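Residue numbers (the UniProt record's numbering): 1 to 559.
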């Protein structure tokens with residue numbers, strides 16, 4: 001099978017060619033010393049793709065050295081899988097991401113990466129036809145099941161007409177085609193504003209806010225529609241109506257993603273036919289040992305390939321050389337800096353901003369510090385009774401409009417882990433994950449600690465699901481500032497940050513990771529791939545040109 005990063009393509013998408021310019025033309029530049037800052041999934045993937053590029057025909061004759069710096073004593077970042085002993089066996093708790101989606105192009109890139117790392121036999125899948133794939137719930141004082149086409153038209157009609165939490169969907173769909181597109185001078189707006197303007201406020205408050213709680217733990221009245229709903233944002237102007245234009249909008253591809261998907265079709269597709277069949281029939285997938293198995297294997301393979309990994313080594317400062325052809329990397333444990341031809345920073349933008357300061361202490365790229373992030377407390381619960389859940393499905397999410405008396409613990413939602421995938425635990429049981437906080441805690445000087453959060457999780461489970469039994473195993477983790485928030489104006493700010501990085505470091509410092517182009521694991525691996533394969537100068541080039549979309553019928557990604 002060809003490596004995931006086979007020889008670089010001869011033609012980049014037009015938007016990337018325009019913003020990369022001469023840099024793209026020198027994408028096969030020989031060798032070099034590369035530093036990767038951050039050992040989360042983006043950093044590990046970046047180092048892997050850099051190693052692969054060094055093994056292509058054009059690069060093999062040149063020396064390439066790769067050093068990864070990680071401040072913590074472990075790699076993997078927010079991905080952490082914990083095996084816990086329980087009566088009769090062991091169960092696995094995920095404190096971060098727990099499953100991935102096979103949706104292209106990111107899902108296809110991840111699947112190929114897993115295959116070439118030798119992990120395909122450890123994959124487990126959640127079927128598209130399982131209750132977890134079909135059934136989703138809202139909690140707004142009571143549990144309400146969301147409509148799904150596979151549940152039938154009668155079920156759909158009954159829910160839309162009888163459930164107050166779904167109020168506004170029918171009127172919103174029928175009135176939307178009459179709404180004029182936004183004025184040309186509106187360059188961004190909040191997700192809440194966008195959905196309210198196109199549909200109505202009830203849909204925004206009851207449905208959209210719950211979904212965004214589950215993905216971003218964020219406030220829809222602050223988050224950017226342009227950044228987080230890009231197809232709908234473009235489709236409104238292109239087709240005038242989201243409803244009438246929905247067939248075309250569903251097949252919209254941004255030019256850079258179209259180019260990546262075609263590349264993955266032509267050169268980097270998974271070779272194993274069974275793997276491709278399983279991906280095609282799945283809604284989600286994960287690894288038997290948890291997603292941390294992926295980061296551990298990446299670290300193991302990188303070390304085998306001669307990549308230097310310096311754990312427990314915080315980077316304190318980055319400084320360009322006078323000619324901007326090299327970058328000095330200062331670390332906490334060394335008085336003298338190391339110099340590199342290229343640095344790729346995958347740490348949070350706020351952390352990177354603190355490394356980029358003038359001698360006076362003034363931030364060199366201040367906009368990087370403007371990307372906020374929310375904290376989520378994650379509580380995993382396991383019960384030995386496998387039949388405790390009164391309902392089936394993926395989980396339940398809580399809208400922003402839920403009264404405090406119905407959500408006094410500031411919960412975002414509950415994931416029904418034991419419903420989603422099987423094969424990670426050695427004993428049967430009911431496994432749940434409760435997520436607390438997110439934007440609910442914005443501005444708080446102190447957030448709930450472990451004891452209070454566990455109590456809140458149990459109360460939330462009892463209130464929503466009627467489960468009052470004591471769990472046999474509990475795990476608490478507080479994920480500090482774990483989910484970046486792309487607030488209104490994110491695209492414009494990142495375009496300015498691109499120019500700030502370019503002005504200060506030339507082509508020497510680029511960025512990738514959840515602070516910029518997507519918060520999911522697939523997004524992070526795709527960002528790492530794009531940064532290396534297109535040899536980006538800053539990693540923020542796509543923000544500097546108008547996004548180009550086409551409505552195309554892309555072939556089945558798993559055929």
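Backbone N, C-alpha and C fix where the C-beta goes; we use that ideal spot for every residue, glycine too.
The model shown is predicted, which means the values in this text are computed figures rather than measured ones.
Nearest by alpha-carbon distance to residue i: which of the options is it?
{"i": "residue 104", "options": "352, 276 and 320", "result": "276"}
{"i": "residue 506", "options": "207, 289 and 324", "result": "324"}
{"i": "residue 535", "options": "120, 344, 370 and 481", "result": "344"}
{"i": "residue 370", "options": "380, 352 and 379", "result": "352"}
{"i": "residue 361", "options": "318, 373 and 332", "result": "318"}
{"i": "residue 108", "options": "300, 549 and 280", "result": "280"}
{"i": "residue 294", "options": "424, 79 and 328", "result": "79"}
{"i": "residue 121", "options": "522, 274 and 365", "result": "274"}
{"i": "residue 74", "options": "313, 421, 53 and 373", "result": "313"}
{"i": "residue 435", "options": "378, 101 and 224", "result": "378"}
{"i": "residue 173", "options": "407, 490, 129 and 200", "result": "200"}
{"i": "residue 253", "options": "263, 231 and 247", "result": "231"}
{"i": "residue 469", "options": "495, 388 and 502", "result": "388"}
{"i": "residue 53", "options": "332, 448 and 530", "result": "530"}
{"i": "residue 188", "options": "510, 492, 544 and 519", "result": "492"}
{"i": "residue 481", "options": "372, 518, 63 and 417", "result": "372"}
{"i": "residue 331", "options": "433, 33, 66 and 71", "result": "71"}
{"i": "residue 508", "options": "205, 234, 417 and 322", "result": "322"}
{"i": "residue 186", "options": "56, 247, 308 and 236", "result": "236"}
{"i": "residue 553", "options": "161, 258, 513 and 212", "result": "258"}
Verify whether the separation of the beta carbon atoms of residue i and residue j is less than 7 Å.
{"i": "residue 37", "j": "residue 524", "result": "no"}
{"i": "residue 551", "j": "residue 251", "result": "yes"}
{"i": "residue 310", "j": "residue 69", "result": "yes"}
{"i": "residue 117", "j": "residue 297", "result": "yes"}
{"i": "residue 595", "j": "residue 255", "result": "No answer is possible for residue 595: the residues shown for the chain start at 1 and end at 559."}
{"i": "residue 486", "j": "residue 244", "result": "no"}
{"i": "residue 305", "j": "residue 516", "result": "no"}
{"i": "residue 526", "j": "residue 106", "result": "yes"}
{"i": "residue 479", "j": "residue 376", "result": "yes"}
{"i": "residue 367", "j": "residue 528", "result": "no"}
{"i": "residue 458", "j": "residue 382", "result": "no"}
{"i": "residue 467", "j": "residue 461", "result": "yes"}
{"i": "residue 111", "j": "residue 283", "result": "no"}
{"i": "residue 327", "j": "residue 315", "result": "no"}
{"i": "residue 292", "j": "residue 539", "result": "no"}
{"i": "residue 190", "j": "residue 488", "result": "yes"}
{"i": "residue 66", "j": "residue 307", "result": "yes"}
{"i": "residue 177", "j": "residue 246", "result": "no"}
{"i": "residue 364", "j": "residue 504", "result": "yes"}
Specify the secondary structure class of residue i as computed by DSSP and reduced to three states.
{"i": "residue 146", "result": "coil"}
{"i": "residue 18", "result": "Low local confidence applies: a pLDDT of 45 at residue 18 is under 50, so the model's placement there is unreliable, and no value is given."}
{"i": "residue 437", "result": "strand"}
{"i": "residue 27", "result": "Residue placement at residue 27 cannot be trusted, given a pLDDT of 42 that sits under 50; the coordinates are not used to answer."}
{"i": "residue 56", "result": "coil"}
{"i": "residue 378", "result": "strand"}
{"i": "residue 315", "result": "strand"}
{"i": "residue 230", "result": "helix"}
{"i": "residue 564", "result": "Outside the shown range of the chain (1 to 559) lies residue 564, about which nothing can therefore be said."}
{"i": "residue 335", "result": "coil"}
{"i": "residue 388", "result": "coil"}
{"i": "residue 292", "result": "helix"}
{"i": "residue 276", "result": "helix"}
{"i": "residue 550", "result": "strand"}
{"i": "residue 407", "result": "coil"}
{"i": "residue 33", "result": "strand"}
{"i": "residue 260", "result": "helix"}
{"i": "residue 128", "result": "coil"}
Pull up the CB-CB distance for residue i and residue j, whole angstroms please, since I reckon it's below 8 Å.
{"i": "residue 203", "j": "residue 169", "result": "6 Å"}
{"i": "residue 412", "j": "residue 214", "result": "7 Å"}
{"i": "residue 89", "j": "residue 427", "result": "4 Å"}
{"i": "residue 564", "j": "residue 393", "result": "Residue 564 falls outside the range modelled here, since the chain spans only 1 to 559, and no answer is possible."}
{"i": "residue 384", "j": "residue 429", "result": "5 Å"}
{"i": "residue 522", "j": "residue 198", "result": "Contact doesn't hold; Cβ gap of about 27 Å is too wide."}
{"i": "residue 144", "j": "residue 166", "result": "7 Å"}
{"i": "residue 495", "j": "residue 543", "result": "4 Å"}
Quiz item: Hey, is the region 391 to 400 in contact with the region 130 to 145, meaning 3+ C-beta pairs nearer than 8 Å?
Solution: yes
Quiz item: With a cut-off of 8 Å, do at least 3 Cβ pairs link the region 283 to 290 to the region 37 to 52?
Solution: no
Quiz item: Using 8 Å as the threshold, is the region 437 to 455 in touch with the region 209 to 226, meaning 3 or more CB pairs across them?
Solution: yes
Quiz item: Is the region 464 to 483 touching the region 74 to 88, taking contact as three or more C-beta pairs under 8 Å?
Solution: yes
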